[in-house]
Amino acid sequence: MKIVQFAIGVVKTMCVICFLILTASLCLMILSRNLPFITFDVLWTDEIGRYIMVYLVFLGSGLAMIEGKHIQVDFLLNKMSPEVRKVVNLFNDVVTLIFCCIMVGSGYVLMRSTGTQVVSTLRKYFEMPMSIWNSAVMVGGLIMLLAVCVKIVKTLRSKDGEEQTLEYKGV
């Protein structure tokens, strides 16, 4: 379980770093529009902000999956017996697992197809292929895939119908 907690800590740290980069990028963009003494080119801040936001969404979605904090309509689920609730939760997790597999596969195809493309506004400053930015789909999908696999295993091992989440004590 220490490896799982370490991975959760890494994802949380990546979310914090993405948020700090996003904040700095957008602040620089706003300041460059309003302060006359900023004479260097900051056109790249908009693109960086956009792609970091995409990464932040996918990482945050994976983190929400790990911690069981995705939105769930559970009105009918709470009225079911623990055994039926367990079956419904397992069905939901299997559907989520299939979706995550499709997401990872599609993210891989997207990365492969954009390996030679470079964002025009970023070309001057960063020689990063577009596949690095598009890898957010695959990375987020992998995090969610691993989280739902762990949840399915924990649900199958549990005796009651309680929802299973990964507990993390740290950052």
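Position one of the sequence shown corresponds to residue 3 (our numbering), numbered consecutively onward.
Virtual Cβ for every residue (Gly too), placed ideally from N, Cα, C.
Item, Value
"Exposure label - residue 25; buried when at least 16 CB within 10 Å", "exposed"
"Meets three-Cβ-pair contact criterion under 8 Å: the stretch 56 to 64 and the stretch 140 to 148", "yes"
"Proximity to residue 71 [Cα-Cα], best of 149, 51, 161, 79", "149"
"Residue 131 (DSSP reduced to helix, strand or coil)", "strand"
"Limits of the unbroken alpha helix (DSSP H) element including residue 93", "84 to 115"
"Residue 151, buried or exposed, once every other Cβ within 10 Å from all chains shown has been counted against 16", "exposed"
"Residue 75 in three-state terms, based on DSSP", "coil"
"Residue 68 versus residue 40 - alpha carbon distance", "43 Å"
"Simplified DSSP assignment, three categories, for residue 44", "coil"
"CB contact flag (residue 154, residue 112, <8 Å)", "no"
"Enclosing alpha helix (DSSP H) for residue 28 [first to last residue]", "4 to 36"
"Which residues DSSP lists as bridging residue 120, in chain order", "131"
"Cβ neighbours of residue 66 in the same chain (closer than 8 Å, five flanking residues each side left out)", "72"
"Residues near residue 16 by beta carbon distance below 6 Å, same chain, minus five either side", "61"
"Straight-line Cα distance separating residue 132 from residue 117", "6 Å"
"Exposure label - residue 106; buried when at least 16 CB within 10 Å", "buried"
"Helix, strand or coil at residue 142 according to DSSP, with G and I counted as helix", "helix"
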